[in-house]
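Enquirer: Sharing a structure, written as structure tokens. Questions coming.
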DNA sequence: CTGTTGACCGATC
DNA sequence: CGATCGGCCAACA
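Numbering (this note's numbering), first residue to last: 28 to 125.
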């Protein structure tokens, strides 16, 4: 896959915006759905591109947000109806299917 | 141009 | 379960 294009980034943002409240998606899923070659790119986009998108609905494949944001995001998710047990979100129930 | 780093993932030990 | 490794790709010093 060639270098990342603007459309890829747009696709990622669109997908994140598509995630309804009470649901979450994994970096890998978004990367795959957006046609990215590597999940890391998704993380890179979030870090660099600070949009108004609900990035807190994006978590790792382990069912937890990134370590430094874990506490905060889990709180937000809880407010949206996503109950996390032991700092972990039940992906099987809240994972959003694209 | 080279080397590190980072919101990752999967396999393996 | 935790730790490590390799692969992945772009930004940055």
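Glycine included, every Cβ here is placed at the ideal spot set by N, Cα and C.
1) Taking the continuous alpha helix (DSSP H) assigned at residue 99, which residues delimit it?
2) With a floor of 3 residues, list each beta strand (DSSP E) that falls wholly inside the region 29 to 96, ordered by position along the chain.
3) Since residue 99 contacts residue 52 with CB under 8 Å, what's their CB separation in whole angstroms?
4) Just the C-alpha distance for residue 91 and residue 59, rounded to the nearest angstrom, thanks.
Expert: Quick look at the numbers:
1) 97 to 107
2) none
3) No, residue 99 and residue 52 are not in contact; Cβ-Cβ is about 18 Å, not under 8 Å.
4) 19 Å
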